[in-house]
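Enquirer: Just dropping this structure here.
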Amino acid sequence: MEEREERLSQERIMEIRYRWSAGPYLGRFLAELRDKGKFYVVRCPGCERFLLPPRIVCSTCYTRIPEYPDGWIALSGRGILLDWQRVIYPQMDPETGEVRDEPFLHGTFRLDHDLLFVHYLGPADLDEGRLQEGMKVEMVMKPQEQREGKVTDIHYFRIVED
Ligand SMILES: [Zn+2]
Numbered sequence: 001m002e003e004r005e006e007r008l009s010q011e012r013i014m015e016i017r018y019r020w021s022a023g024p025y026l027g028r029f030l031a032e033l034r035d036k037g038k039f040y041v042v043r044c045p046g047c048e049r050f051l052l053p054p055r056i057v058c059s060t061c062y063t064r065i066p067e068y069p070d071g072w073i074a075l076s077g078r079g080i081l082l083d084w085q086r087v088i089y090p091q092m093d094p095e096t097g098e099v100r101d102e103p104f105l106h107g108t109f110r111l112d113h114d115l116l117f118v119h120y121l122g123p124a125d126l127d128e129g130r131l132q133e134g135m136k137v138e139m140v141m142k143p144q145e146q147r148e149g150k151v152t153d154i155h156y157f158r159i160v161e162d
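Read left to right, the sequence shown gives residues 1 to 162 (our numbering).
Here's what the structure looks like:
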């Protein structure tokens with residue numbers, strides 16, 4: 001009979017704090033969102049694609065993107081609901097490590113210039129039963145004092161009644 005080596009283990013909880021620099025492009029994008037509620041994209045001068053969020057180099061044609069404000073375009077914050085999901089399982093918020101309250105609604109929205117964007121659909125008491133593809137939506141910002149320079153400064157997108 002083969003003798004097995006005993007394997008010992010110890011369990012520890014590690015707390016790892018780090019600070020990640022958003023850099024000049026994403027940093028400006030987030031600052032404009034936080035301070036003015038402006039949601040910017042930039043148009044690549046090489047391939048004319050819109051980049052959301054703006055970044056230093058186009059990921060399609062590798063053209064250098066101009067710095068703010070050259071070619072930066074503020075979106076209207078309005079769009080169309082394409083689809084949505086009700087999230088019903090516990091999900092960790094990657095920014096905080098905390099489990100988010102559920103259930104919540106996540107929507108996919110078509111914004112200006114045919115840009116697709118996925119974000120919360122709200123408010124929390126939104127009646128999912130009346131949702132339909134193609135409904136108009138608009139961005140709802142958190143109150144100024146609650147904004148942190150994150151994309152979640154956009155509280156949610158809400159349905160706009162005609
Ligand atoms: Zn490009």
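Just so you know, even glycine gets a beta-carbon here, dropped at the ideal spot from N, CA and C.
#1: Taking buried to mean at least 16 other C-beta atoms within 10 Å of its own C-beta, is R4 buried or exposed?
#2: Please write down, chain order preserved, every residue whose beta carbon lies under 7 Å from a heavy atom of ligand 1.
#3: Where does I80 land, buried or exposed, given buried means 16+ other C-beta within 10 angstroms?
#4: Roughly how many angstroms lie between the CA atoms of Q144 and D35, to the nearest whole one?
#5: Report, in whole angstroms, the separation of the C-beta atoms of H119 and G134, which I expect to be a contact under 8 Å.
#6: If contacts are defined as beta-carbon pairs under 8 Å, then L51 and C58 qualify, I think. What distance do you get, rounded to the angstrom?
#7: Check for me: the alpha helix (DSSP H) holding E32 runs from which residue to which?
#8: R19 to E95, Cα distance in whole Å?
#9: Use the C-beta contact count for P54: other C-beta atoms within 10 angstroms, 16 or more gives buried, fewer gives exposed.
#10: Mark V87 as exposed unless 16 or more other C-beta atoms lie within 10 angstroms of its C-beta, in which case mark it buried.
#11: Taking a contact to mean a Cβ-Cβ separation below 8 Å, would you say Y25 touches E32 in this structure?
#12: Would P103 pass as a contact of G71 if the rule is Cβ separation under 8 Å?
#13: How would you call Y62, buried or exposed, if buried means at least 16 neighbouring beta carbons within 10 angstroms?
#14: Have a look at the DSSP bridge pairing and note the partners of Q85.
#15: Could you have a look at R130 and say whether DSSP puts it in helix, strand or coil?
#16: Kindly indicate which three-state DSSP category V160 falls into: helix, strand or coil?
#17: Provide the residue span of the beta strand (DSSP E) that contains F117, from first to last.
Expert: Straight from the coordinates:
#1: exposed
#2: C44, G46, C47, R49, C58, T60, C61, T63
#3: exposed
#4: Going from the Cα of Q144 to the Cα of D35 covers about 7 Å.
#5: About 17 Å; that fails the 8 Å criterion.
#6: At roughly 7 Å, the Cβ-Cβ gap stays under 8 Å, so L51 and C58 are in contact.
#7: 23-36
#8: Rounded to whole angstroms, R19 and E95 show a C-alpha spacing of 11 Å.
#9: Taking all protein chains shown into account, P54 has 16 or more neighbouring C-beta atoms within 10 Å of its C-beta and is therefore buried.
#10: exposed
#11: If you check the CB distance, Y25 and E32 do not come in under 8 Å.
#12: no
#13: exposed
#14: H106
#15: Per DSSP, reduced to three states, the secondary structure at R130 is helical.
#16: coil
#17: 116-122
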